Each structure stands twice: as structure tokens, then as C-alpha cells.
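Going left to right, the sequence shown walks through residues 20 to 443 as our numbering numbers them.
Positions of the beta carbon are idealized from the N, C-alpha and C atoms, including for glycine.
Every value quoted in this text rests on a predicted model; they were computed, and no experiment measured them.
Taking it in order: structure first as C-alpha cells, then the write-up.
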Amino acid sequence: MHVAIIGAGLTGLTAAYELQKKGHSVQIFEKEFLPGGLAMGFQRDNWEWPLEKHYHHIFTSDNEIRKLASEIGVPFHFSRPITSSYIDGDILQLDSPLKLLMFSKLTIAERLRMAAVLGYLRYISGWQSLEKYTTHEWLQKYLGMRPYKMLWEPLLIGKFGPHFKDISLSWFWARIKARTTKLGYPDHGFQKFADTLANKIIENGGSIKYKSEVTEIKENRLTIDGSVKDVDAIIVTVPNKLFMKLAPKLPGEYMDKLQSFKGIGALNMVLELDLSFLPDNVYWLNICDESYPFLAVVEHTHYIDKSHYHGSHIVYVGNYLPQDHRYFSLTDEELMNEYRPFLEKIHPQYSSHILSTTVFRVPFAQPIVTQDFSKRILPFQTPLKNVFLANMQQVYPWDRGTNFAVEMGKNVAHDIESSYEKHS
Ligand SMILES: Cc1cc2nc3c(=O)[nH]c(=O)nc-3n(C[C@H](O)[C@H](O)[C@H](O)COP(=O)(O)OP(=O)(O)OC[C@H]3O[C@@H](n4cnc5c(N)ncnc54)[C@H](O)[C@@H]3O)c2cc1C
Numbered sequence: 020m021h022v023a024i025i026g027a028g029l030t031g032l033t034a035a036y037e038l039q040k041k042g043h044s045v046q047i048f049e050k051e052f053l054p055g056g057l058a059m060g061f062q063r064d065n066w067e068w069p070l071e072k073h074y075h076h077i078f079t080s081d082n083e084i085r086k087l088a089s090e091i092g093v094p095f096h097f098s099r100p101i102t103s104s105y106i107d108g109d110i111l112q113l114d115s116p117l118k119l120l121m122f123s124k125l126t127i128a129e130r131l132r133m134a135a136v137l138g139y140l141r142y143i144s145g146w147q148s149l150e151k152y153t154t155h156e157w158l159q160k161y162l163g164m165r166p167y168k169m170l171w172e173p174l175l176i177g178k179f180g181p182h183f184k185d186i187s188l189s190w191f192w193a194r195i196k197a198r199t200t201k202l203g204y205p206d207h208g209f210q211k212f213a214d215t216l217a218n219k220i221i222e223n224g225g226s227i228k229y230k231s232e233v234t235e236i237k238e239n240r241l242t243i244d245g246s247v248k249d250v251d252a253i254i255v256t257v258p259n260k261l262f263m264k265l266a267p268k269l270p271g272e273y274m275d276k277l278q279s280f281k282g283i284g285a286l287n288m289v290l291e292l293d294l295s296f297l298p299d300n301v302y303w304l305n306i307c308d309e310s311y312p313f314l315a316v317v318e319h320t321h322y323i324d325k326s327h328y329h330g331s332h333i334v335y336v337g338n339y340l341p342q343d344h345r346y347f348s349l350t351d352e353e354l355m356n357e358y359r360p361f362l363e364k365i366h367p368q369y370s371s372h373i374l375s376t377t378v379f380r381v382p383f384a385q386p387i388v389t390q391d392f393s394k395r396i397l398p399f400q401t402p403l404k405n406v407f408l409a410n411m412q413q414v415y416p417w418d419r420g421t422n423f424a425v426e427m428g429k430n431v432a433h434d435i436e437s438s439y440e441k442h443s
């Protein structure tokens, strides 16, 4: 069977790699000039390692990507960087049950209650009964209004913007359940991981065409930069809205379903500095203050050694925003003008230590997972014969991520293989 795959992100790459194991021939079309998709890196001339355009790490529970990493020989290294929260101008470490019990901004009763609620969510295994609740209402009720407003509501707003009240409790459960304090990062970064997987696919006889944008999809047929190609099956890994544009012949009812899924974009400012930005070796700083124009400050080099980046300190200023937010139309300099007064509150002298500033924008970064989301998830098989959809909007209740892209790539390859066996 000859399978065409649209997108050389981790879903597309894994699907190709798995299909090759079953003896199928694969061809990937990628509109960018590198593999990696949302986990793609960039590299300055004097850096030893590339750096992700958007901060990336995995958790010890991310077994699918860990298995693939050892198979292709790109090990992940695990360590325990510090996560803190920025509340009322203070930076407070809040990344373990002990730190929560010592957290002085809440009363002892509030701390004990929060520890009990988070412990309960971590303990239970079934998420299905939770998805009829929203995180917003459930946390208010069980944590109490003040702790919810202080710690969780700013993060929900930061991550989901105007949709923050609608997020399924199962999504929150999955975060509490699967997230670990130890974090993993691949040797030489996620770009190395994607490059190695891409090279394996080519060594195994597959082809990857970069700077090749697919413009139309029909049953067993796709158009790439004006030329038409016939194949036995197609895997589409782009977001639903883009799939709708590529396949205008999809039936109306299915189009309505695709249309009903919402998403939010991301905007990351990467600062290269000649001094450290966050105090006390903090890696991840959640900004629990709605007046701030960003969600998190992530000092990558408080996690990964700065020697890989020519001794520079690397800091991400991260934001999730609706695709039509005005920040997407600002220049890098204009965006910095918006951020500067707030960054100065965290580190007053930082601006005279900037070596470079780069902003990366992506229109679709995070699906909005609402109540009873599992009932809406679309199967891989689309109404177009032999056209399969496998994208972030089918990941649930787990938060989308590289581990789940790998898992989805494996699963869609398995489904295609099974339907091929049935019909041959
Ligand atoms: C800000 C941010 C932070 C993140 N942090 C983490 C993290 O810490 N840990 C983690 O595990 N995950 C993280 N993720 C999520 C992770 O990057 C994604 O879940 C994963 O990379 C998705 O892979 P994918 O292959 O499904 O999709 P994508 O990576 O989106 O791949 C789709 C590919 O299709 C290509 N494409 C689009 N249109 C066309 C076309 N018409 N023709 C050809 N090619 C096309 C795109 O260029 C892209 O390469 C983060 C994502 C963001 C945005």
C-alpha cells in the first residue's frame, strides 16, 4: 500500500515509521523546510543545540515517546527543575505536596483542602464520570473561591482565554494524574528527535518532501503545489479547520462537526540574555495575575545547561491567545513594548542584558476541550474513502503533547493496516 501523509510533525512522522514496519511505502508532504511541526527548533550560528520555538519537555509518564526515543536512539534525560507561581509580586515554589502545605498565601484549612482535592483527583482512575463537570465550577466548589481564584483561574484564563469557563474537568484530572515533577528533554533537543525519526524513515525507503504544501485532498488523490498524486490512503495531521479548506468535498454534516471544534493560538517570545532572569534557579514561573499580558516565564537554561547555547540564558515569555487577538498583528518590537513594564517587575535590570529577541506565533496550538468532549471526538476514518484524520483535536482527556502525537501516529497506522488487511 502507498500512503501519503500530510505533515511532518510527530504524528505524521510516527505514522510513517510504523507503516513502514508493516511493509508499506510512505511519502510525507510538509510545508515547512524541517520536520517537527509544533516541536520544531531553530538555531543560532554559535549554539551547539537547536532550541524549540515553543518551550517543550515531557513527563516521566510519557511512555509512548520514551519507547520511540529508545528505539531510534535519542535518549531523554530527566531531572527535577523548579516550578513556581508569581502571586502578588512574590515568587513562590509550588511544585510538591510539601510546598503546598507550606504555601503561606492560603490559610492552613485552604491548603489542607487543596491537598485533599488534588490528592483525590490523582488517586481516582476513571475520568469518564468527571467530564460532565467544568473545571471552573468544580474547582470553585471543592477548593473554595479564594484558592481557586488565586491559583487556578489565572492559569485557566491564560491557557484557554475566553473559553476558560468551559473546560472539561477530565482535562484537569489528566493534568493532575499524569504530570510529574521530573521532566525529560531529548539529547540535543526535540529537533534532533524529529530529524532522527525523519532520517530513519528515509533510510527505510520512505520519502519526505519539504516546502511542499498540500492544497487539495480527494479520495485517494491529493494536490501538492499544483501537481496531482494518486495514492492508496492519505493521513491528514493538520488541524480540523485546515482540513476543511483542503477537502471542500466533505459532506456538510461532517463539515459542521469539524467546524464545531475550537482552538487557541500561541505566541512565544524567546529572549537570549547575558544574565539569568528568574531568581533561585526557577525554571517555570506561572503568572497568577490577570493584569499581566503573558501566562508564563520559562527559563530554559535553568533546566538545560546554557553551555549548549554559547553560554546565553534562554527565557521564553509564553502566551496562549485567540487567533484574532491583537498581539498576533504586532511586530516583535511592539510586543516587547507591551511586555516590558511587566518583565521589569520580575527583573528590573533585564532589558540592558538582552542579546536577541525572537517571537514565534502559531495560530492553532491548543484545542478547547469542553464538557462531554469524548462524545464528540471524530474517528480517524473520514467520510472520504481512504482518507484518515489524526490531529491534536482527537487527543483527550490528556493534554495534547508530543507523547500523544506519537501515540496517535501509532494508532492511525494500526487502523489503516487493519482496514487494509480486511479489504485485501
Ligand atoms: C506553545 C506550545 C508548547 C508546547 N509544549 C509542549 C510540551 O512542553 N511538551 C509536549 O510534549 N508537547 C508540547 N506541545 C505540544 C506538541 O508540540 C504537539 O502536541 C505536537 O508537536 C503535535 O504534533 P502533530 O504532528 O500532531 O501536529 P503538528 O506539530 O502541528 O504537525 C502538523 C504539520 O503539518 C504541517 N502542515 C500544515 N499544513 C500543511 C499543508 N497544507 N501541507 C503540508 N504540510 C502541512 C505543519 O507545518 C506541521 O509540520 C506544545 C505546543 C505548543 C504550541
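Any non-hydrogen atom of ligand 1 within 7 Å of Gly337 CB: Placement of the Cβ of Gly337 at a distance of less than 7 Å from at least one heavy atom of ligand 1 is found.
Could you tell me the boundaries of the alpha helix (DSSP H) in which Met288 lies? Met288 -> not in any alpha helix (DSSP H); beta strand (DSSP E) instead, spanning 282-292.
Beta-carbon separation of Asn287 and Tyr335 under 8 Å? With a cutoff of 8 Å on beta-carbon distance, Asn287 and Tyr335 are scored as near each other.
Taking the CB atoms as reference points, tell me whether Val431 and Trp190 lie closer together than 8 Å. No, Cβ-Cβ distance for Val431 and Trp190 is not below 8 Å.
For Thr200, three-class secondary structure by DSSP: coil
Grab me the residues of Pro312's own chain with a C-beta within less than 7 Å of its C-beta, minus the 5 sequence neighbours each way, in chain order. Glu357, Tyr358, Phe361
What do you get for Ile283, buried or exposed, if any count of 16 or more other CB atoms within 10 angstroms of its CB means buried? The Cβ neighbour count for Ile283, taken over all protein chains shown within 10 Å, is at least 16; the residue is labelled buried.
Taking all protein chains shown into account, do 16 or more other C-beta atoms lie within 10 angstroms of the C-beta of His321, making it buried, or fewer, making it exposed? buried
Throw me the rounded Cβ distance for the Asn239 and Asn405 pair, which I believe falls under 8 Å. 5 Å
Give the DSSP-derived three-state secondary structure of His73 in the structure shown. coil
Which residues in the same chain as His474 place their Cβ atom closer than 6 Å to its Cβ, once the five residues preceding and following it in sequence are excluded? With the chain represented from 20 up to 443, any question about residue 474 goes unanswered, as that position is not in the structure.
With burial defined as no fewer than 16 other Cβ atoms inside 10 Å of the residue's Cβ, what is the status of Glu139: buried or exposed? One point to set straight first is that residue 139 is Tyr, not Glu, in the sequence displayed. Answer is exposed; the Cβ neighbour count stays below 16.
3-residue-minimum beta strand (DSSP E) runs that sit fully inside the segment 80-140, ordered along the chain: 95-98, 101-106, 109-112
Glu90: which of Met274, Glu37, Arg63 sits nearest, CA to CA? Glu37
Just the Cα atoms here: how many angstroms apart are Val381 and Pro341? 10 Å
Near Arg130, which residues of its chain fall below 7 Å by C-beta distance, leaving aside the five closest residues on each side in sequence? Leu119, Leu120, Phe122
Need the endpoints of the alpha helix (DSSP H) that Glu172 sits in, please. 172-179
Taking the continuous alpha helix (DSSP H) assigned at Glu318, which residues delimit it? Glu318 -> not in any alpha helix (DSSP H); beta strand (DSSP E) instead, spanning 315-318.
Could you name the residues of the same chain whose beta carbon sits closer than 8 Å to that of Asp434, not counting the 5 residues immediately before and after it, in chain order? Phe399, Gln400, Phe407
So, is Tyr142 buried or exposed, given that buried needs 16 or more other C-beta atoms within 10 angstroms? exposed
Cβ neighbours of Lys325 in the same chain (closer than 8 Å, five flanking residues each side left out): Ser331, His332, Ile333
If contact is defined by three or more beta carbon pairs under 8 Å, each pair taking one atom from either stretch, is the segment 172-179 in contact with the segment 34-51? No: fewer than three Cβ pairs fall under 8 Å.
Ends of the beta strand (DSSP E) at Tyr328? Run containing Tyr328: none; DSSP gives neither H nor E here.
Can you give me the Cβ contacts of Lys50 inside the same chain, cut-off strictly under 6 Å, excluding the 5 residues immediately before and after it? Glu232
Just to check my reading of the structure: Val250 and His442 have Cβ atoms closer than 8 Å, yes? What is that Cβ distance to the nearest angstrom? That belief does not hold up - the Cβ atoms of Val250 and His442 are roughly 15 Å apart, past 8 Å.
Going by DSSP in three states, Asn338 sits in which element: helix, strand or coil? strand
Could you pull the DSSP bridge partners for Glu235 from this structure? Thr242
For Ser371, count neighbouring C-beta atoms within 10 Å of its own C-beta (all shown protein chains included) and say buried if the count is 16 or more, exposed if not. exposed
Does the separation of the CB atoms of Thr153 and Ile186 fall below 8 Å? yes
What is the rounded straight-line gap between the Cα of Ile243 and the Cα of Gly31? 16 Å
If you measure between the beta carbons of Ile220 and Val45, is that distance less than 8 Å? yes
Whose C-beta lies closer than 7 Å to the C-beta of Ala197 among residues of the same chain, with five residues either side of it excluded? Once the five neighbours on either side are set aside, the close Cβ partners of Ala197 are Phe78, Ser80, Trp417.
For ligand 1, I want to know if Phe280 counts as a neighbour, meaning its beta carbon is within less than 7 Å of at least one of the ligand's heavy atoms. For Phe280, the distance from the CB to the nearest heavy atom of ligand 1 is not below 7 Å.
Between the C-alpha atoms of Phe392 and Lys41, what's the straight-line distance to the nearest angstrom? 33 Å
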